Structures are given as C-alpha cells and as structure tokens.
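**Q** Mind having a look at this structure? Questions to follow.
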Amino acid sequence: MLTKLYRKRYDEKDIEYLMTFWGERSLSDIARALNRTTSGIQSKAKKLKLGGIQNAGEYFTAHQVGCILGKQAATIVRWVKYRGLKGKYKLMFTGKKKGAWRIKHDDLLKWLEQNQACYDARKIIPYSLGIEPQWLKEKRLQDITRWGNNYTRWTEEEEKVLLDLYHSGETIDELAKRFGRTRKAIDRKLNRIIHIRMGKNV
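Per the working numbering, the very first residue in the sequence shown carries number 376; after that it's consecutive.
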C-alpha cells in the first residue's frame with residue numbers, strides 16, 4: 376500500500392498563490408507557476424471550494440479537442456462545419472498565411488452534452504476539460520459499464536494526471552472511481568510510478 380510519506384503536498388505558499396490568482400489567471404498559467412498539471416490544480420481548487428474558473432474566454436484548437444477526445448483533428452473540423460459545433464477559423468501570420476479552428480470552452484461542453492453518441496468518454500482524461508459537469512462523469516461511467524475499460528493501457532499523460540491528483544489529496548477510492556479502474560489497479564500503478572521516480576533520484 377502507498378503511504379502519505381510520498382505525497383508532494385501543497386505548502387502554504389502554493390495554496391496562497393492558488394487562492395490569490397484563481398479566476399484571475401488562466402489555468403495553464405497557474406499550473407506552470409506551481410509546476411503541476413492543470414488536472415491537479417483543478418482538483419485542489421475543488422477541495423478548497425474555490426468555485427469554477429471562468430473558462431468562457433478560453434479556446435481550444437481543433438487539434439487539442441481531438442487529443443482530448445481521442446479523435447482526429449479533421450473529425451473535429453467536420454463537427455464544426457456540418458454538426459453544429461461552434462468554432463471560428465483564425466488566421467495566424469507566421470511567414471505564410473496559416474490558421475487554426477478555435478472552439479470556445481463553453482461551446483464545446485454544450486455540444487458534447489448534446490451529442491453524447493459522437494464520442495467515447497472513457498478516452499477523456501479526468502479534468503482535461505476543466506472541472507467536470509455531472510453529466511460527463513455519468514457518461515464516462517456508462518461507457519465503462521457498456522464497453523469495459525480493459526482496452527486501454529495507461530498513457531503517459533494519464534500517469535501524470537493520476538500522480539498529480541494523488542498529490543492533490545484524492546484518495547485511492549476517488550481515483551478508482553474517476554479513472555474507472557479498480558482500487559488494486561490504481562494502487563499498483565501509483566506504486567510503480569513512485570518507485571520508478573525514486574529510482575531515478577538515487
């Protein structure tokens with residue numbers, strides 16, 4: 376079993392920074408300043424009851440949405456053009472004309488809620504879309520129940536999120552429910568990650 380000895384806890388300065396800039400600076404800026412993942416920051420903010428960060432002004436590119444959902448960027452672009460997902464094409468001038476589709480955070484969540492048959496929520500890493508609405512948590516559990524979760528290996532990104540959520544104070548039971556895996560699988564994976572990191576520091 377894991378012990379609390381290995382947790383990289385938030386110190387007073389970390390918490391003070393988070394409480395000061397939550398809602399004022401972007402999630403990515405806060406995560407970068409505290410050297411943590413955005414998922415871990417979201418989890419800690421939730422435990423501190425800081426409320427939802429204002430994501431309405433934040434945008435995803437079609438490529439980013441594809442990575443989150445396990446889809447090709449071209450699929451996301453088709454959703455924008457033909458399936459009602461709101462998005463804007465923004466030109467960027469970097470030597471030659473080039474652009475990218477930008478999708479507002481709130482518009483993406485609204486579309487995903489209304490078009491749940493278009494994607495598999497098992498592929499969405501917890502908190503990759505911010506603090507998750509209840510309907511998304513329920514869809515993930517439904518997809519796990521319907522299709523199982525044996526098809527997936529742990530990705531490098533999932534391992535990072537898992538460890539950061541654990542550092543943020545989530546219990547093994549909470550992590551098991553969030554990732555749709557058994558307590559034993561979560562405990563085994565955390566032990567493996569921690570032992571590997573400890574070995575690198577020897």
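All C-beta atoms in this analysis are idealised placements derived from N, C-alpha and C, irrespective of residue type, glycine included. Just so it is clear, the structure is predicted and the values come from calculations on it, not from any experiment.
Contact defined as beta carbons within less than 8 Å: I believe L444 pairs with K498. What is the distance between those atoms, to the nearest angstrom?
**A** In the sequence shown, the residue the question calls residue 444 occupies position 69. In the sequence shown, the residue the question calls residue 498 occupies position 123. 6 Å between Cβ atoms; contact.
**Q** Please classify T395 as buried or exposed, where buried requires at least 16 other C-beta atoms within 10 Å of its C-beta.
**A** Residue 395 sits at position 20 when you count from the first residue of the sequence shown. Under this definition T395 is an exposed residue.
**Q** Answer with buried or exposed for D518, where buried requires no fewer than 16 other C-beta atoms within 10 angstroms of its C-beta.
**A** For the purposes of this step, residue 518 is taken as residue 143 along the sequence shown, with counting starting at 1. Label assigned to D518: buried.
**Q** I believe Y464 touches W476 by the beta-carbon criterion, under 8 Å. Please report the beta-carbon distance rounded to the nearest angstrom.
**A** Here the question's residue 464 lines up with position 89 in the sequence shown. Here the question's residue 476 lines up with position 101 in the sequence shown. So it is a contact: roughly 6 Å between Cβ atoms.
**Q** Could you check what DSSP says for T395 in three-state terms: helix, strand or coil?
**A** For the purposes of this step, residue 395 is taken as residue 20 along the sequence shown, with counting starting at 1. Of the three classes helix, strand and coil, the one that applies to T395 here is helix, per DSSP.
**Q** Give me whichever residues DSSP pairs with Y434 in a beta bridge.
**A** In the sequence shown, counting from the first residue as 1, residue 434 sits at position 59. For Y434, which the question treats as bridged, DSSP gives the partners K479.
**Q** Would you mind working out which of L402, D495 and I568 sits nearest Y434, comparing C-alpha positions?
**A** Here residue 434 corresponds to residue number 59 of the sequence shown, with the count starting at 1. Taking only the C-alpha atoms, the option nearest Y434 is L402.
**Q** Suppose you measure from the CA of K535 to the CA of C442; what does that come to, to the nearest Å?
**A** Taking the first residue of the sequence shown as 1, we reach residue 535 at position 160. Taking the first residue of the sequence shown as 1, we reach residue 442 at position 67. If I take the Cα positions, the gap works out to 16 Å.
**Q** Where does Y464 fall in DSSP's three states?
**A** Position 89 of the sequence shown holds residue 464. The answer is strand: DSSP assigns Y464 an E or B state.
**Q** Can you list, in chain order, the residues of its chain whose CB lies under 8 Å from that of D548, leaving out five sequence neighbours each side?
**A** Along the sequence shown, read from residue 1 onward, the residue named residue 548 stands at position 173. These residues qualify, in order along the chain: R558.
**Q** Give the C-beta separation of K496 and K514 to the nearest angstrom, bearing in mind that I take them to be a contact with Cβ-Cβ under 8 Å.
**A** Position 121 of the sequence shown, counting from 1, holds the residue named residue 496. Position 139 of the sequence shown, counting from 1, holds the residue named residue 514. The residue you asked about is not Lys; residue 496 is Ala in the sequence shown. About 4 Å; that satisfies the 8 Å criterion.
**Q** Span of the alpha helix (DSSP H) holding E532?
**A** Here residue 532 is taken as the residue at index 157 of the sequence shown, counted from 1. It spans E531 to H542 - the alpha helix (DSSP H) in which E532 sits, taken as one unbroken run.
**Q** What is the rounded straight-line gap between the Cα of Q429 and the Cα of W397?
**A** As a first step, residue 429 must be located in the sequence shown, where it is residue number 54. As a first step, residue 397 must be located in the sequence shown, where it is residue number 22. Because the pLDDT of Q429 is 44, which lies under 50, any placement of that residue in the model is unreliable, and the number read from its coordinates should be weighed accordingly. Cα-Cα distance, rounded: 9 Å.
**Q** Between W522 and the ligand GTP, is there a pair consisting of the residue's CB and a ligand heavy atom that are separated by less than 6 Å?
**A** Of ligands this structure carries none, so the ligand GTP is not represented either.
**Q** So, is T412 buried or exposed, given that buried needs 16 or more other C-beta atoms within 10 angstroms?
**A** Here residue 412 is taken as the residue at index 37 of the sequence shown, counted from 1. Buried, by the Cβ-count rule.
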